[in-house]
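Quick note: the sequence shown uses the numbering used here, first residue 19, plus one each step.
Working notes, structure below.
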Amino acid sequence: LLEACLFEPGPWQHQQARPMPETIPIPRDLRAEMLCTPLGLLFNELALAPPTLLLPHVRRMLAAALDMDTGTSESASAAVIFFVVRLAVRVEAYVAFFLQHGEWRKESESDG
Numbered sequence: 019l020l021e022a023c024l025f026e027p028g029p030w031q032h033q034q035a036r037p038m039p040e041t042i043p044i045p046r047d048l049r050a051e052m053l054c055t056p057l058g059l060l061f062n063e064l065a066l067a068p069p070t071l072l073l074p075h076v077r078r079m080l081a082a083a084l085d086m087d088t089g090t091s092e093s094a095s096a097a098v099i100f101f102v103v104r105l106a107v108r109v110e111a112y113v114a115f116f117l118q119h120g121e122w123r124k125e126s127e128s129d130g
């Protein structure tokens with residue numbers, strides 16, 4: 019479930035700008051249009067959310083999982099460790115991609 023929430027691309031946003039919602043919560047029939055992103059939900063969070071929102075929590079999850087290490091891949095905690103390490107590496111790949119290719123956002127903002 020956590021992986022699905024983080025890596026779900028969500029509805030696609032074709033245009034750079036979208037109208038602001040007039041009511042909160044957004045009516046069910048307008049949610050797809052109002053909650054869409056140009057690159058997916060995780061990229062949207064990396065671009066727009068405060069830096070303390072996601073990455074420090076992934077680091078804490080990784081530290082907590084590694085504290086469970088017993089030195090063998092046969093332990094009951096190994097599945098948790100493997101899951102959290104895989105999750106952290108995937109998030110790191112998104113961050114690296116965003117840092118390497120983040121100029122698209124600057125270019126699209128200067129065009130609009």
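The beta-carbon is built from N, C-alpha and C at its ideal position, and this holds for glycine as well.
Exclusion of the five residues before and after Ala114 leaves no residue of its chain whose Cβ lies closer than 6 Å to its Cβ. Annotated as proximal: Gly28 and Leu59, with beta-carbon spacing under 7 Å.
Pairing Asn62 with Tyr112, the inter-Cα distance amounts to about 11 Å. Asp47 has its alpha-carbon roughly 35 Å from the corresponding atom of Pro74.
For Ile99, the enclosing alpha helix (DSSP H) stretches over residues Ala96 to His119.
The straight-line gap separating the alpha-carbon atoms of Ala97 and Leu20 is approximately 15 Å. Membership of His75 in the alpha helix (DSSP H) is indicated by the continuous run Leu73 to Asp85. In the DSSP annotation of this structure, the continuous segment of the alpha helix (DSSP H) that includes Leu20 starts and ends at Leu20 to Phe25. For Ala50, the enclosing alpha helix (DSSP H) starts and ends at Arg49 to Met52.
Per the coordinates, the alpha-carbon of Met52 lies some 10 Å from the alpha-carbon of Trp30.
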